[in-house]
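**Student:** Okay, here's the structure, questions in a sec.
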Amino acid sequence: MPLFKVTDHSVSKEKFELLKNTEHGFLVTTPLPDISELSKYYETEEYISHTDTKRNLFEKVYHLVREYAIKNKVALINTEQEKGSLLDIGCGTGDFLSASKNNGWSVTGIEPNKTARDKANSKTEHKVFDTSKLENLPVDSFDVITLWHVLEHLPNLEEQIHLFKKLLKPNGTLIIAVPNHKSFDAIHYKEFWAAYDVPRHLWHFSQSSIKNLFGKFQIKLIKTVPMKFDSFYVSLLSEKYKTGKQNPFKAFWIGFRSNLKAKHTSEYSSLIYVFKNLKK
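Position 89, counted from 1, in the sequence shown is what the numbering used here calls 93; the numbers after and before it change by one each time, with no gaps.
Have a look at this one:
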């Protein structure tokens, strides 16, 4: 039985169901788009991670928060691993890679969108490649692999995780940020929750489901870190989907309540999962 139907508010206006994966418990966008069809769902100027523009309230909030978040992300990788080789998958316009490079990391990026990739290459001395390069990278070559709100976009999920394990050095660190559909803002907005973002988001994770999934590959969860700003940004967009208006004060209130409740439940709107690659 589907959890409920969700509309693609950004591009196609098509409806999709969310079904539960019986093995690991994450939710699956149904029907899953064919891989050859996925790109058409990204054909919008509104797809914010592919741009550096600040044209409206959403983009201004997004980029303001992104600058702060990048500093925190660099601090996190510095805490978890000695400086070495970093692979950022789905690196967008390359700001995190650039900041990491300036902080002493040897960086490589993967980005499928050519416009975003070109911007990223201008910031990283051409260290960013198309997705086709991923499978040709050397085995056991990265100390840290990061996916910031990227895992939920990747088709062939288990094949991808197997590849991450292969590319990571033994005891290397895998850092993944994804939305949490058990957060208060997700429960409040239901089918209007912007972080469902069907069908670009193929998979929808909870804390237990992501731990179960990666445990299958001998990749051990060692830490979970909240992304407290996400509840505000997601609520701002969710209000627009639900009411047709921005309602910034209502969105702020829902985002605030979500973080307040998560202090007790740990169910923040988005979570960063820090994994260690156990012996192969």
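Heads up, the beta-carbon is just placed ideally off N, CA and C, and yes, glycines get one too.
What residues in its chain sit with their C-beta under 7 Å from that of ALA4, if we drop five residues either side in the sequence?
**Tutor:** Residue coverage of the chain in this structure runs from 5 to 284, which leaves residue 4 outside it and unanswerable.
**Student:** Give a yes or no on whether the C-beta atoms belonging to PHE221 and HIS166 are separated by under 8 Å.
**Tutor:** On the sequence shown, position 217 is the one that residue 221 refers to. On the sequence shown, position 162 is the one that residue 166 refers to. The answer is yes: Cβ separation under 8 Å.
**Student:** DSSP three-state call for VAL2: helix, strand or coil?
**Tutor:** Any answer about residue 2 is impossible in this case: the structure gives the chain only from 5 up to 284.
**Student:** My output table needs one value for ASP92: the three-state DSSP class, helix, strand or coil.
**Tutor:** Here the question's residue 92 lines up with position 88 in the sequence shown. DSSP places ASP92 in strand when its eight states are reduced to three.
**Student:** Once DSSP output is grouped into helix, strand and coil, what is the label at LYS131?
**Tutor:** In the sequence shown, the residue the question calls residue 131 occupies position 127. DSSP places LYS131 in coil when its eight states are reduced to three.
**Student:** Assuming PHE182 and ILE149 are in contact, meaning their beta carbons sit under 8 Å apart, how far apart are those beta carbons, in whole angstroms?
**Tutor:** Position 178 of the sequence shown, counted from the start, is the residue given in the question as residue 182. Position 145 of the sequence shown, counted from the start, is the residue given in the question as residue 149. Correcting the residue type first, residue 182 is Val in the shown sequence and not Phe. No, VAL182 and ILE149 are not in contact; Cβ-Cβ is about 14 Å, not under 8 Å.
**Student:** If I follow the unbroken alpha helix (DSSP H) through ASN263, where does it start and stop?
**Tutor:** By 1-based counting over the sequence shown, the position of residue 263 is 259. That run of the alpha helix (DSSP H) goes 252 to 269.
**Student:** Determine the extent of the alpha helix (DSSP H) in which VAL238 is found, giving its start and end residues.
**Tutor:** Your numbering for residue 238 matches position 234 in the sequence shown. Segment 234 to 247, the alpha helix (DSSP H) holding VAL238.
**Student:** Count the other CB atoms within 10 Å of the CB of PRO174; is the residue buried (16 or more) or exposed (fewer)?
**Tutor:** What you label residue 174 is simply residue 170 of the sequence shown in a count that begins at 1. Exposed, by the Cβ-count rule.
**Student:** Which residues share a DSSP beta bridge with ILE114?
**Tutor:** For the purposes of this step, residue 114 is taken as residue 110 along the sequence shown, with counting starting at 1. Its beta-bridge partners are ILE93, PHE133.
**Student:** Taking a contact to mean a Cβ-Cβ separation below 8 Å, would you say ILE93 touches LEU42 in this structure?
**Tutor:** In the sequence shown, residue 93 corresponds to position 89, counting from 1. In the sequence shown, residue 42 corresponds to position 38, counting from 1. Contact flag unset, no.
**Student:** Count the other CB atoms within 10 Å of the CB of TRP207; is the residue buried (16 or more) or exposed (fewer)?
**Tutor:** Taking the sequence shown and counting its residues from 1, one reaches residue 207 at position 203. It is buried - the Cβ of TRP207 has at least 16 other Cβ atoms within 10 Å.
**Student:** Taking contact to mean at least 3 C-beta pairs separated by less than 8 Å, is the region 119 to 139 in contact with the region 185 to 195?
**Tutor:** No, they do not touch.
**Student:** Provide the residue span of the alpha helix (DSSP H) that contains PHE168, from first to last.
**Tutor:** Taking the sequence shown and counting its residues from 1, one reaches residue 168 at position 164. Its alpha helix (DSSP H) spans residues 161 to 171.
**Student:** Alpha carbons only, please: which of VAL154, PRO203, THR97 is nearest the one belonging to SER274?
**Tutor:** Taking the first residue of the sequence shown as position 1, residue 274 is located at position 270. When each option's Cα is compared against that of SER274, the closest is VAL154.
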